[in-house]
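**Student:**
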Amino acid sequence: MKKVLVLGGGFAGVETAIYLRKQGINTTLVSDRDYFYIYPTSIWIPTGDATKEDVSVPLEKLAKKHGFEVIVDAVTSFEAKEKKVTLESGKVIDDFEYIVVAIGQDKMKPKGVEHTLSICGKPEEAVELNKRIEELVAKGSGKIAMGFGGNPKDTSAVRGGPAFEVLFNVNTMLKKKGLRDKFELTFFAPMEKPGLKMGHNAVEMMHKMFNMTNIHAQIGSKIISFEEDGINFENGTKLESDLIMFISAGTGHHVLVNSG
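Start counting the sequence shown at 1; every next residue gets the next number (our numbering).
(1) Would you report the Cα separation of Met206 and Leu256, rounded to the nearest angstrom?
(2) Could you please give the first and the last residue of the uninterrupted alpha helix (DSSP H) stretch that includes Met271?
(3) Looking at the unbroken alpha helix (DSSP H) that takes in His66, where does it start and where does it end?
(4) Quick one: is Tyr98 buried, meaning 16 or more other Cβ sit within 10 Å of its Cβ, or exposed?
(5) Going straight from the alpha carbon of Gly149 to that of Ala80, what length do you get?
(6) Would Asn171 and Thr213 be called neighbours here (beta carbons separated by less than 8 Å)?
(7) Which value, in whole angstroms, describes the spacing of the CA atoms of Leu196 and Glu204?
(8) If I measure Cβ to Cβ from Ser118 and keep anything under 8 Å in the same chain, skipping five residues before and after, which residues do I get?
(9) Quick check on DSSP: helix, strand or coil for His216?
(10) Would DSSP call Asn26 helix, strand or coil?
(11) Locate the alpha helix (DSSP H) running through Glu53, then write down its first and last residues.
(12) At what residues does the alpha helix (DSSP H) containing Met173 begin and finish?
(13) Determine the closest residue to Asp154 out of Gly250, Ala138, Ile93, Met146, with distance taken between C-alpha atoms.
(14) Leaving out five residues on either side along the sequence, give the residues of the same chain with a beta carbon under 6 Å from the beta carbon of Leu243.
(15) Could you give the DSSP three-state label for Asp106: helix, strand or coil?
(16) Would you tell me roughly how many angstroms separate the C-alpha atoms of Gly90 and Ser77, rounded to the nearest one?
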């Protein structure tokens, strides 16, 4: 029987493992987490409408149902010609006929990005976003900025949708709590027309929704750096904020960059 090693426990990796098992192929999946995290529904974690556990499924549960094996370990490198994979634990896997690479991408790291949290980063960041928002709600007022960045070398490596979704979720939550007028919400992005890949009509509708919900927009200027209390832009302005949610653009995964 053919043996396939799938690297990555996200949507691509899990779907691949399930499909291969349906074809009767011996399949092992490697993931650095012991659970499958459903990123699209994690947009409800910052507002407390869902928990990390609500949007997570144990990989062992999926493996048992579909018949594939799971190794919980991080991939540090792999050699394509030799079909050899090295894991963080030091374990070397080299007895598979095929390897499917589904480890996704790394995130670009602009200056000061450690002062931000991301809904598209580690699951723990979504939980921390919820904690920080609850602290501001308890305080009774605040400034919140949410947005995304771009990669000039690859304009397709942008994850903008979740920024809009979380921002509107926070707007709705604050309205329900009767606190919306006590908060300043701002969307930011370096592009002149963020969201353009969804079409011109989508961009126009987004601006209408910003106006309807009194959400400010800081767009069209390169992000220079993040600080604990705000964001610096190339045009010389600084967007002050008590909480910054930033979705960094994607770039090549370090494992692929460092592998042969």
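Built from N, CA and C at the ideal position, the CB exists for glycine as well.
For clarity, every value in this text was computed on a predicted model and none was experimentally measured.
**Tutor:** So, from the listed chains and residues:
(1) Your numbering for residue 206 matches position 206 in the sequence shown. Your numbering for residue 256 matches position 256 in the sequence shown. Roughly 36 Å between the two C-alpha positions.
(2) Within the shown structure, residues of the chain are numbered from 1 to 260, placing residue 271 beyond reach of any answer.
(3) What you label residue 66 is simply residue 66 of the sequence shown in a count that begins at 1. Note, His66: alpha helix (DSSP H), 59–66.
(4) On the sequence shown, residue 98 is found 98 positions in, with the first residue counted as 1. Answer is exposed; the Cβ neighbour count stays below 16.
(5) Walking along the sequence shown from the start, residue 149 turns up at place 149. Walking along the sequence shown from the start, residue 80 turns up at place 80. One C-alpha to the other measures close to 32 Å.
(6) Here residue 171 refers to the residue found at position 171 of the sequence shown. Here residue 213 refers to the residue found at position 213 of the sequence shown. Cβ atoms of Asn171 and Thr213: closer than 8 Å.
(7) In the sequence shown, residue 196 corresponds to position 196, counting from 1. In the sequence shown, residue 204 corresponds to position 204, counting from 1. Cα to Cα, the separation comes out at about 9 Å.
(8) Here residue 118 corresponds to residue number 118 of the sequence shown, with the count starting at 1. Counting only residues of its own chain and dropping the five nearest sequence neighbours on each side, Ser118 has a CB closer than 8 Å to the CB of Lys107, Glu125, Met245, Phe246, Ile247, Ser248.
(9) Here residue 216 corresponds to residue number 216 of the sequence shown, with the count starting at 1. In this structure, His216 counts as strand in the three-state DSSP scheme.
(10) Taking the first residue of the sequence shown as position 1, residue 26 is located at position 26. The three-state reading of DSSP puts Asn26 in strand, counting E and B together.
(11) Here residue 53 corresponds to residue number 53 of the sequence shown, with the count starting at 1. Glu53 -> no alpha helix (DSSP H), and no H or E assigned at all.
(12) Taking the first residue of the sequence shown as 1, we reach residue 173 at position 173. Here the alpha helix (DSSP H) through Met173 covers 161–176.
(13) Here residue 154 refers to the residue found at position 154 when the sequence shown is read from its first residue. The candidate whose alpha carbon is nearest that of Asp154 is Gly250.
(14) Locating residue 243 in the sequence shown gives position 243, where the first residue counts as 1. Cβ-Cβ distances below 6 Å link Leu243 to Arg132, Ile144 in the same chain, with the five nearest sequence neighbours on each side left out; the list follows chain order.
(15) Here residue 106 corresponds to residue number 106 of the sequence shown, with the count starting at 1. In this structure, Asp106 counts as strand in the three-state DSSP scheme.
(16) By 1-based counting over the sequence shown, the position of residue 90 is 90. By 1-based counting over the sequence shown, the position of residue 77 is 77. If you take the alpha carbons of Gly90 and Ser77, they lie about 11 Å apart.
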